[in-house]
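Novice:
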Amino acid sequence: MLNIFINTWGNYNENGADGGEWVTLPMEPEKLTDILNMLAEELEEGDPEWFINDYEWTSDIEPRAIDEMENIEELNDFLNELDALQEWEQKEIAAAIEAFGYDFMEAMEKQQRGYFTFYEGMDLEEVAEELINDCYFTKDTPDIFTRYFDYAAFARDLGFDGYCETAHGVIVE
């Protein structure tokens, strides 16, 4: 899900970019502790001051930027929480972050409380068609009316009413 290049400030100041290691998160906390201890021994650091020199998301979801001074254990815990979610939940949370500017924890809390309606993989016009066809047009609606309905205009109005198109689909609070 996330590759990070970790190093210590002491090693970086002494040797530049030499040293350090790429680590893929999330992982079991004990395994991360073992890796950090092993790396500290390799770098001959008694009390290492870790930093993240580089990172790369390996999933479609990039919930937030990573700071170089980020606590690696807390970052791993965060990613374990994210990894425990279903794919659609991850996409809904990512859409909420993109659309409304929430941080991850706030978006996840609102998602778990059912604050959002999410149309995965759809754009506003597809949502407009689905809403109209499912909620307003019935088998008794004359064909002439359905043929002339302006879905694009209705989609635009949905955008004015709080429906937000994101990279993962349409979301509304």
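Numbering of the sequence shown is given in this note's numbering, commencing with residue -11 and proceeding in unit increments.
Glycine residues also receive a C-beta, built at the ideal position from the N, C-alpha and C atoms.
1. Which one or two residues does DSSP pair with V115 in a beta bridge?
2. In its own chain, which residues sit with a C-beta less than 6 Å from the C-beta of Q78, not counting the 5 before and 5 after it?
3. Apart from the five residues just before and just after I60, which ones in its own chain have a Cβ nearer than 6 Å to its Cβ?
4. What span of residues does the beta strand (DSSP E) with L31 cover, start to end?
5. Take T(-4) as the anchor and find which of L27, D65 and L63 has the nearest alpha-carbon.
6. Using the rule of at least 16 other Cβ atoms within 10 Å of the residue's Cβ for burial, across every protein chain shown, is I132 buried or exposed?
7. Looking at the secondary structure, which residues open and close the alpha helix (DSSP H) in which N3 lies?
8. Short check: CB of E113 to CB of Y107, under 9 Å?
9. Between S47 and the rest of its own chain, which residues show a CB-CB distance below 7 Å, the 5 nearest in sequence each way excluded?
10. In whole angstroms, what is the alpha-carbon distance linking E80 and E86?
11. Does the segment 147 to 154 touch the segment 65 to 72, meaning 3 or more C-beta pairs lie closer than 8 Å?
12. Rounding to the nearest angstrom, what Cα-Cα distance links L31 and D6 in this structure?
13. What are the boundary residues of the beta strand (DSSP E) that T154 is part of?
14. Do F(-7) and D42 count as a contact pair if the criterion is CB distance below 9 Å?
15. Taking DSSP's pairing of strands, which residues face T46 in a bridge?
16. Could you tell me which residues DSSP pairs with N(-9) in its beta bridges?
Specialist: In this structure, then:
1. Paired residue(s): none; V115 is not in a bridge.
2. I49
3. W38
4. Taken as a continuous stretch (DSSP letters only), L31 belongs to no beta strand (DSSP E), as it is neither H nor E.
5. L27
6. exposed
7. W(-3) to N3
8. no
9. M(-11)
10. 10 Å
11. no
12. 10 Å
13. C152 to T154
14. yes
15. Paired residue(s): none; T46 is not in a bridge.
16. T12 and E44
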